[in-house]
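Visitor: Residue numbers (mature numbering (1 follows the signal peptide of the UniProt record, and there is no 0)): -20 to -1, 1 to 239.
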Amino acid sequence: MKLKHFQFLFFFSLLLVSEAEKDKKIIDDTSTSIEKHSYLVSILFNGKHICGGSLIKKNFVLTAAHCIPILHHSHYSIRYGSNKVNSGGTVTKVTDITIHHNYNASTPFDYDIAILKTSNPIEGVNVIPISIAVEEEYDIPFMLVGWGALNSDETASNQLLEANVKMINRKTCQKMYVNKKITDRMICAAANGKDACHGDSGRSVAHNGGLVGIVSWGRGCADQLYPDVYTNVAYFKDWIDGVLTDNSTMNIWNNNLNS
């Protein structure tokens, strides 16, 4: 079974990921607006969208660790306050990056979380940070939002899209991914024809105004046999709070990133 991260680093994919490892985008979804999901931002690498992120404080964006393949903040910037992935809104530079110290790029499925600090506060009419969920909930719909494709053959939509997904308990998810460990640091979610499919790495799953998950990895594209796997944001709340309150932890890279 081929597992893949949801990356689409098209300008250097031959160096970093195989064709089968490109990221995923939401399918079977509907158009939405940045006003409704005002915490969403686009992470740019040398000016090109590579991943999504969630604003959790005026100067801090939460995303997936695997979205940061080049270890220098000068390559990255943030577009915010726009419905469009390629235009509009405001672009600000990234000044510091923190990757979770247990993340290992050679086995990148666990501890897949990172925080970017921006040079200027991210604020405006269409910009409101999102809170961190404090616990997991099952049997309720969650909102998956991003600039996704409508099917697996399309390129990324320039329009913001949304879809409802439902969380699946870890025991059930583990039975589906028999050769991969589903840890407490992961949550699984899916709905028929509605999940991530090329392009939404780092994007959010939210419920009742709280950030529940970060798009991380999975198999296929809206494959009903395999749910998508997300970073469990609630698990990392203490780590997130520590980074936000202690800027001295910023820009300290884990040696595992290069292993």
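Using N, Cα and C, we set each Cβ at its ideal position, and we do this for glycine too.
What separation, rounded to the nearest whole angstrom, lies between the Cα atoms of D76 and K37?
Guide: Roughly 14 Å between the two C-alpha positions.
Visitor: Using a Cβ-Cβ cutoff of less than 6 Å, which residues in the same chain neighbour N106 once the five nearest sequence positions on both sides are dropped?
Guide: Cβ neighbours of N106 beyond the five flanking positions: I14, E15, S18, G61.
Visitor: Is the number of C-beta pairs between the stretch 84 to 99 and the stretch 143 to 158 that are closer than 8 Å three or more?
Guide: Verdict: no, contact absent.
Visitor: As a quick exercise: from L124, E142, G104, pick the residue whose alpha carbon is nearest that of V71.
Guide: Out of L124, E142, G104, G104 has the C-alpha closest to the C-alpha of V71.
Visitor: Beta carbon of residue 262, beta carbon of I50: below 8 Å?
Guide: No information on residue 262 is available, as it lies outside the stretch -20 to 239 that the chain covers here.
Visitor: Ordered along the chain, which non-local residues of its own chain (more than five positions away) have a Cβ less than 6 Å from that of C168?
Guide: So the qualifying residues of the chain are I148, C153, P207, V209.
Visitor: Name the residue from L140, E115, P109, S111 whose alpha carbon lies nearest to the alpha carbon of L124.
Guide: Answer by Cα proximity: L140.
Visitor: Name the DSSP beta bridge partners of T98, please?
Guide: For T98, which the question treats as bridged, DSSP gives the partners V74.
Visitor: Run through the DSSP bridge pairs and tell me what residue 244 is partnered with.
Guide: What is shown of the chain runs -20 to 239, which leaves residue 244 out entirely.
Visitor: Would you check if the distance between the CB atom of I110 and the CB atom of L191 is smaller than 8 Å?
Guide: Yes; because the gap between Cβ atoms is below 8 Å, this pair is in contact.
Visitor: Taking Cβ positions, are H46 and N26 nearer each other than 8 Å?
Guide: No, these two residues do not count as a Cβ contact at 8 Å.
Visitor: Spatial neighbours of S196 within its chain, please: C-beta separation below 6 Å, excluding the five flanking residues on both sides.
Guide: Contacts found: A44, D92, V209, Y210, T211.
Visitor: Between the alpha carbons of I120 and Y215, how many angstroms are there, rounded?
Guide: Between I120 and Y215, the C-alpha separation is close to 19 Å.
Visitor: Near K101, what residues of its chain come up, given a Cβ to Cβ distance below 8 Å and the 5 sequence neighbours on each side ignored?
Guide: Looking at the sequence provided, one finds Pro at residue 101 rather than Lys. Within the same chain, P101 has close Cβ partners K38, N39.
Visitor: Helix, strand or coil for residue 240 per DSSP?
Guide: The requested residue 240 is not part of the displayed model; the chain covers only -20 to 239.
Visitor: From the DSSP output, which residues share a beta bridge with K28?
Guide: F25.
Visitor: Kindly indicate the opening and closing residues of the alpha helix (DSSP H) around V223.
Guide: Per DSSP, V223 belongs to the alpha helix (DSSP H) from 217 to 225.
Visitor: Comparing C-alpha positions only, which one of G193, Y83, I220, S184 sits nearest to V21?
Guide: The shortest C-alpha separation from V21 is found at S184.
Visitor: Taking the C-alpha atoms as reference points, what is the distance between S11 and H187?
Guide: Roughly 18 Å between the two C-alpha positions.
Visitor: Which whole-angstrom value describes the C-beta separation of G189 and G32, a residue pair presumed to lie in contact below a C-beta threshold of 8 Å?
Guide: In fact, because the Cβ distance is near 18 Å, the residues do not count as touching under 8 Å.
Visitor: So which of I30, T163, K28, V41 has the shortest CA-CA distance to I220?
Guide: Residue V41 is the option with its Cα nearest to I220.
Visitor: Could you pull out every residue in the same chain whose Cβ sits closer than 8 Å to the Cβ of D164, ignoring the five residues on either side in sequence?
Guide: Within the same chain, D164 has close Cβ partners R150, N212, Y215.
Visitor: Hey, quick one: how far does the beta strand (DSSP E) through K146 stretch, first residue to last?
Guide: That run of the beta strand (DSSP E) goes 141 to 148.
Visitor: Buried or exposed for V158, going by 16 or more other Cβ atoms inside 10 Å?
Guide: Per the 10 Å Cβ criterion, exposed.
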